[in-house]
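In the working numbering, the protein residues as written are 1 to 81.
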């Protein structure tokens, strides 16, 4: 049961990182635009945040789903025996 809880927590963490990365990228866009006065630099900062944190959230979500699947498979294998 502990393993499945870890999988659930990882998938929830990935969802939070996904939402926070979107909010942070918008904040970075407006912050850099305010400092530099150029919108293109704000957009580049936003894209930079998304390039860094979106794959991280996808990886964490995938690991969480993998752990949950392994737990379900282990329960099924014990049921078959």
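No residue lacks a Cβ here, since even glycine has one placed at the ideal position from N, Cα and C.
Note that the structure is predicted; figures quoted are calculated from it, not measured.
By the criterion of a C-beta distance shorter than 7 Å, residue 56 is surrounded in its chain by 17, once the five residues flanking it on both sides are discounted. Straight-line spacing of the CA atoms in residue 24 and residue 77 works out to 43 Å. Look at residue 38 here: in three-state DSSP terms it is coil, with no helix or strand label. Relative to residue 31, the option among 64, 63, 59, 46 whose CA is nearest is 46. Residue 8 and residue 68 have their alpha carbons spaced roughly 7 Å apart.
Taking a C-beta distance under 7 Å as the contact criterion, residue 11 and residue 61 qualify as a contact pair.
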